[in-house]
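Heads up: the sequence shown runs through residues 648 to 968, numbered per our numbering.
Scroll down for the structure; my scribbles are underneath it.
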Amino acid sequence: MNLFDVIIIGGGPIGIACGLEAKKNGLSYLILEKGCIVNSLYNYPAKMQFFSSSEKLEIDNIPFISNEAKPKKEEALEYYRRIVSSNDLDINLFEKVINITKNTTNYTIKTSKATYTANSVIIATGFYDIPNKLNVPGEDLPKVTHYYNNPHYFSKQKVAVVGASNSSIDAALECWRKGAEVTLIIRGKEVGKRVKYWVRPDIINRIEEGSIKAIYSANITEINEKEITVKTEEENIVLKNDYVLALTGYRPNFDFLTKMGVTLSNDEKKIPTHNTNTMETNLKNVYLAGVICGGMETHKWFIENSRIHAKKIILAILKKK
Ligand SMILES: Cc1cc2nc3c(=O)[nH]c(=O)nc-3n(C[C@H](O)[C@H](O)[C@H](O)COP(=O)(O)OP(=O)(O)OC[C@H]3O[C@@H](n4cnc5c(N)ncnc54)[C@H](O)[C@@H]3O)c2cc1C
648 MNLFDVIIIG
658 GGPIGIACGL
668 EAKKNGLSYL
678 ILEKGCIVNS
688 LYNYPAKMQF
698 FSSSEKLEID
708 NIPFISNEAK
718 PKKEEALEYY
728 RRIVSSNDLD
738 INLFEKVINI
748 TKNTTNYTIK
758 TSKATYTANS
768 VIIATGFYDI
778 PNKLNVPGED
788 LPKVTHYYNN
798 PHYFSKQKVA
808 VVGASNSSID
818 AALECWRKGA
828 EVTLIIRGKE
838 VGKRVKYWVR
848 PDIINRIEEG
858 SIKAIYSANI
868 TEINEKEITV
878 KTEEENIVLK
888 NDYVLALTGY
898 RPNFDFLTKM
908 GVTLSNDEKK
918 IPTHNTNTME
928 TNLKNVYLAG
938 VICGGMETHK
948 WFIENSRIHA
958 KKIILAILKK
968 K
């Protein structure tokens, strides 16, 4: 009862790819997902458009047809949901994995609802649950958020957007276009180089014409109900402010990994130990899949280049059988 060849933790695109590959190869498997199907994608901004074209987001060559070359969030939700339903994948939703312990020959997986045993475990938990904090006074005020959804809410408001990468630049442009007064607080000296090539000129032009204000080499040092304090190399600036969108990236749940015994590289990258051919960690029969493999280097892996993890891992599991 409840003994599986493999348990997959996380029902994102890559966890789903692993489930599909396990099923195709006759393994008993279960995907455990703490939210809805592709929970991270569900929580992305409402109007988000992928930077990848749809064929690069496909799992197992199942066609992903989108209206434009680069699909929208809604289309991706539809695609991955259909993969789950049309392949009748075994996935338990709204069931969070609490911890994993090693037994003599297998692993016990304890969740918010049940306990399972599996010979192998795949961790595909992504990084979208834990935001990188500003660590400044006032960050816990309700006006501060690390997740952005819809620009309408911010119309006619004074909004500080922190960050210079895709998420913050998209949010700044969308909010400004819905009538917000936007100030970008950028830690470096320019808008990020990795900003989508068709968006970068847009934001640079908006900054140059003065529609969106940008403060470079700057950090927020304090937030209160009506103002923020921004420190630059030269001065401290106090700005009137209604909302702060702190879109400064996210990080994997390192505690979850280390508690179960997965080691991390001893530097600021904190890359979880794994064999890049098999994706097996330092724990026998425990594998990593998807963006979690990059540790703090969260830009390194995405759907496009990590979907191959599923085949690598299932092959490694089959070889051991
Ligand atoms: C705004 C934005 C745009 C992007 N655009 C692109 C793009 O164009 N192309 C591209 O290739 N990539 C893109 N990415 C990155 C891409 O979305 C991620 O690479 C992708 O979601 C990674 O898939 P994953 O399955 O590894 O992780 P996730 O999709 O994050 O899935 C992890 C899942 O694990 C679940 N989980 C976490 N902890 C637990 C637990 N303890 N128990 C059970 N379940 C748990 C989470 O709820 C989540 O559903 C974008 C990301 C963002 C933020």
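Idealized CB from N, CA, C, for every residue including glycine.
Would you check whether ligand 1 has a heavy atom nearer than 7 Å to the C-beta of residue i?
i: serine 814; result: yes
i: tryptophan 823; result: no
i: tryptophan 845; result: no
i: proline 660; result: yes
i: isoleucine 706; result: no
i: isoleucine 939; result: yes
i: tyrosine 691; result: yes
i: aspartate 776; result: yes
i: lysine 958; result: no
i: glycine 810; result: no
i: leucine 688; result: yes
i: alanine 771; result: yes
i: isoleucine 654; result: no
i: valine 909; result: no
Which residues in the same chain have their Cβ closer than 8 Å to the Cβ of residue i, if we skip the five residues on either side of it in sequence?
i: phenylalanine 698; result: Lys717, Asn813, Lys843
i: alanine 911; result: It is worth fixing the name first, because residue 911 is leucine in this sequence and not alanine. Hits under 8 Å: Phe901, Leu904, Thr905, Lys917, Ile918, Pro919, Thr920, Gly942.
i: leucine 688; result: Gly659, Pro660, Lys720, Ala723, Leu724, Tyr727
i: isoleucine 859; result: Ala819, Leu820, Trp823, Val829, Thr830, Leu831, Ile850, Arg853
i: leucine 667; result: Ile706, Asp707, Ile730, Asn734, Leu736, Ala957
Hey, could you find the ends of the alpha helix (DSSP H) residue i is sitting in?
i: lysine 670; result: 660 to 671
i: leucine 894; result: Premise fails: leucine 894 is in no alpha helix (DSSP H) and is neither H nor E.
i: isoleucine 850; result: 847 to 855
i: glutamate 951; result: 950 to 953
i: asparagine 959; result: Correcting the residue identity first, residue 959 is lysine in this sequence and not asparagine. Counting along the chain, the alpha helix (DSSP H) containing lysine 959 begins and ends at 956 to 967.
Which same chain residues, not among the five before or five after residue i, have their C-beta less than 7 Å away from its C-beta?
i: arginine 728; result: Ile684
i: lysine 703; result: Glu951
i: lysine 887; result: Lys805, Lys873, Glu874
i: valine 938; result: Gly773, Phe774, Thr945, Trp948, Phe949, Ser953
i: leucine 965; result: Asn672
i: threonine 758; result: Leu679, Glu742, Lys743, Val744, Ile745
i: glutamate 786; result: Lys780, Ile870
Give a yes or no on whether the C-beta atoms belonging to residue i and residue j are separated by under 8 Å.
i: tyrosine 863; j: isoleucine 833; result: yes
i: valine 809; j: threonine 895; result: yes
i: alanine 771; j: glycine 657; result: yes
i: valine 744; j: isoleucine 730; result: no
i: leucine 679; j: isoleucine 654; result: yes
i: leucine 781; j: isoleucine 709; result: no
i: asparagine 649; j: tyrosine 754; result: no
i: valine 768; j: asparagine 922; result: no
i: lysine 959; j: methionine 926; result: yes
i: valine 783; j: glutamate 869; result: yes
i: asparagine 972; j: tyrosine 794; result: It is not possible to answer for residue 972, since the shown part of the chain is limited to 648 through 968.
Once you ignore the five residues that flank residue i on each side, which residues in its own chain have a CB closer than 6 Å to its CB?
i: cysteine 822; result: Pro798, Phe801, Val806, Val829
i: lysine 610; result: Here the chain covers residues 648 to 968 and nothing more, so residue 610 does not appear.
i: aspartate 889; result: Gln804, Lys805
i: leucine 677; result: Phe651, Ile654, Asp737
i: glycine 826; result: Ser802, Lys803
i: isoleucine 884; result: Val877
In terms of residue numbering, what span does the beta strand (DSSP E) encompassing residue i cover?
i: isoleucine 654; result: 650 to 656
i: lysine 878; result: 874 to 878
i: tyrosine 689; result: Segment 686 to 689 is the alpha helix (DSSP H) holding tyrosine 689; no beta strand (DSSP E) there.
i: alanine 827; result: Taken as a continuous stretch (DSSP letters only), alanine 827 belongs to no beta strand (DSSP E), as it is neither H nor E.
i: valine 885; result: 883 to 887
i: asparagine 866; result: 866 to 870
i: valine 808; result: 805 to 809
Is residue i close to chain C? Criterion is C-beta to C-beta, closer than 8 Å.
i: arginine 847; result: Here there is only one protein chain, and chain C is not present.
Taking only heavy atoms of ligand 2 into account, decide whether any of them is closer than 7 Å to the Cβ of residue i.
i: methionine 926; result: The model depicted lacks ligand 2 and carries ligand 1 instead.
For this session: Would you mind listing the beta strand (DSSP E) stretches within the stretch 691 to 778 that are 3+ residues and don't spill past its ends, in chain order?
Result: 744 to 749, 754 to 758, 762 to 770
For this session: Please go through the stretch 899 to 947 and give each complete beta strand (DSSP E) segment of 3 or more residues, from N-terminal end onward.
Result: 933 to 935
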